[in-house]
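Asker: So the sequence shown is numbered by my numbering: it starts at 1328 and just counts up by one.
No residue lacks a Cβ here, since even glycine has one placed at the ideal position from N, Cα and C.
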Amino acid sequence: MRPTPDDFREAVSRFATGITVVTCVVDGVDHAMTANAFASVSLDPLLVLVCVERESRFHEAIGATHSWGVSVLPSDAEQTSRWFATKGRPLEGQLERSGHHRSPRHGVAWIDGALAAMECHTHDIHRAGDHDIVIGEVVELKTAVPESLEPLLYYRRNYRSLRLRDAE
Ligand SMILES: Cc1cc2nc3c(=O)[nH]c(=O)nc-3n(C[C@H](O)[C@H](O)[C@H](O)COP(=O)(O)O)c2cc1C
C-alpha cells in the first residue's frame, strides 16, 4: 500500500531541524513566515533553499520580490516561531511583535537575536507539488557571537532544545 500523507508526515517529523523566519518586503509591507524546510545548497555560488507552500500568503509575496531574509532562531524564540506560523495573523505590523532590524543592502527584516541572518536574492524557483522550492543566493550575512548560543529545534511537531551528548 502506498504511504498516506499522515504516514509521510510522521516519517519526516523524525528529521530534526532548526527553525527560520523568512521575510521580504513588497510595496513597503513586511511579510514573514516560519519555515523549517530550509537548507544550504551550494558554496559556489552561495545558495540556500526554502520550500514555500504555494497556497500560503507568503508564497505570493516572495514571488513578487527579488530580495528576502532568513533568520535562524535561537532557543528562546519559540513564541516568535509560533507567531509567524499563525494563519490569519494581521499582515500590517506583524513584525512589531518581535524585535527586528534591517539588512544593510536591501533592508529585509532580520529578527533580533537570530543565530544567523542572511539576505538572499532569488536565483531560481522550482515547482514541487504543493510547494515551490525557492533558491536564493546569499549576498549578505551575519553570524551571532558568542558561539555558545543555542538553537530552537523542531522534532516530531514539538519545539526542542539542544542537549550535548557529552553532557548526558
Ligand atoms: C515549525 C514550523 C515550520 C514551518 N515550516 C514551513 C515551511 O518550511 N514552509 C512553509 O511553506 N510553511 C511552513 N510552516 C507553515 C507556515 O509558517 C504558516 O503556514 C504561515 O502562516 C505562513 O505565513 P502566511 O500565513 O503569511 O502565508 C511551518 C510552520 C511551523 C510551525
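Figure out for me which residue from 1446, 1461 and 1447 has the closest Cα to the Cα of residue 1453.
Answerer: Checking every option, the nearest Cα to that of residue 1453 belongs to 1461.
Asker: Examine chain C for any beta-carbon lying closer than 8 Å to the beta-carbon of residue 1379, and answer yes or no.
Answerer: Protein chains in the displayed structure number just one, and chain C is not present.
Asker: For ligand 1, which residues count as neighbours when the test is a C-beta closer than 5 Å to any heavy atom?
Answerer: Going along the chain, the residues that qualify are 1360, 1361, 1362, 1363, 1364, 1379, 1380, 1383, 1384, 1385, 1412, 1414 and 1481.
Asker: In whole angstroms, what is the alpha-carbon distance linking residue 1449 and residue 1396?
Answerer: Each residue's Cα considered, the two are about 11 Å apart.
Asker: Near residue 1482, which residues of its chain fall below 6 Å by C-beta distance, leaving aside the five closest residues on each side in sequence?
Answerer: So the qualifying residues of the chain are 1343.
Asker: Write down every uninterrupted run of the beta strand (DSSP E) in the segment 1389-1441 whose length is 3 residues or greater and which is fully enclosed by it, in chain order.
Answerer: Taking only runs of at least 3 residues, the beta strand (DSSP E) segments lying wholly in the segment 1389-1441 are 1394-1399, 1427-1429 and 1436-1438.
Asker: Does the segment 1357-1373 come close enough to the segment 1399-1415 to have 3 or more Cβ pairs within less than 8 Å?
Answerer: Touching, per the Cβ criterion.
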